[in-house]
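Everything below concerns the one structure shown next.
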């Protein structure tokens, strides 16, 4: 049996912010002895949502996820929720990493965390990555993204143990209230029009005929591990906002990334919108929805209200990131421009909600 005190001495080098490798080594010795050995880690995605680290334990590599540093919004960044949903989806056709361990004890690294298997593939989040693809590869990648989303929305929650994963009734109205609350917790400057958008959404919530599906909550290209030869989604990542609700919310938010930010000057060079959408040589949002509709039993219908919700939600998320950045609590690069996206998102959201 591995001695935890000895394991604690096996961390190699300095740890990146957000990890205590000595305490983590002790935890692994007690709970995952197959992951013991000299520990080292590097941040592979940080600051926009949860922090993701590539952890080397001896000769094995796994991935660790924990909440962001500092200002954390209530109900967001739930490690147990992410761990539960990827565990439940493992036997389905939805590609997810293998869940390895969940630790709710904040004394280990300063926050709850979970471990998952490393999956080979590329996260396409920068313009130089997507510029290197051929037009056919961009199209195939976008269509694989939509096919995977349709597969997710076809999963019956009760069949994978997720019948109680959320409350589908009133989901869309709760989304408006939730993000309005998150906005109030993230305000640090005047935000013209955002209260008008919130009120317009609250006054025009659709019935939500498709409610009761598993919703990812932040489905976009750079939350996928993918390959282009062959074109395939290898894993869907970042399940922190997953719940049971209306799948049109996933489509509305995806179109917000794709057509609103991905076709705007504000998306260029930005870590949440660079390299996607028609401007980067991908199919249009309308083509994506057509592909999804052909592989799903979801009634797509008009999506204006859902795009407006996506704009509001993403504006609140960007404002939260901007707030953390002003406090010096983001890890990584590019966050100095996140706050610039809030105003155009609000403007487009107001236009979309009026169209609905």
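Numbering (the UniProt record's numbering), first residue to last: 1 to 356.
Quick reminder that beta carbons are idealized off the backbone N, C-alpha and C, glycines included.
**Prompt:** Leaving out the 5 sequence neighbours to the left and right, which residues in its chain are closer than 6 Å to residue 163 when beta-carbon positions are compared?
**Reply:** 157
**Prompt:** For residue 118, which residues from the same chain have a beta carbon less than 8 Å from its beta carbon, with the 5 sequence-adjacent residues on both sides left out?
**Reply:** Result list for residue 118: 54, 61, 62, 63, 97, in chain order.
**Asked** residue 61 lies in the beta strand (DSSP E); which residues open and close that run?
**Response** 60–66
**Segments of 4+ residues assigned as alpha helix (DSSP H) that fall wholly inside the region 171–249** = 171–186, 194–202
**Prompt:** So what does DSSP say about residue 90, is it helix, strand or coil?
**Reply:** Residue 90: coil per DSSP, three-state reduction.
**Asked** Three-state secondary structure (DSSP) at residue 397?
**Response** A question about residue 397 goes unanswered here, because the residues of the chain that appear run from 1 up to 356.
**Prompt:** Nearest CA to the CA of residue 101: which residue from 262, 348, 28?
**Reply:** 28
**Anticipated Cβ contact below 8 Å, residue 121 with residue 235, distance rounded** = Confirmed, about 7 Å.
**Request:** Using the Cα positions of residue 297 and residue 219, report the straight-line distance between them to the nearest angstrom.
**Result:** 18 Å
**Message:** Tell me which residue opens and which closes the beta strand (DSSP E) that residue 42 is part of.
**Reply:** 39–45
**Asked** So the beta strand (DSSP E) residue 117 belongs to, where does it begin and stop?
**Response** 113–117
**Request:** Measure the C-alpha to C-alpha separation of residue 30 and residue 79 and round it to an integer number of angstroms.
**Result:** 20 Å
**Request:** Kindly list the residues whose CB is nearer than 6 Å to the CB of residue 253, restricted to its own chain and excluding five residues on each side of it in sequence; keep chain order.
**Result:** 310
**Prompt:** Going by the beta-carbon positions, is the gap between residue 36 and residue 44 smaller than 8 Å?
**Reply:** Contact flag unset, no.
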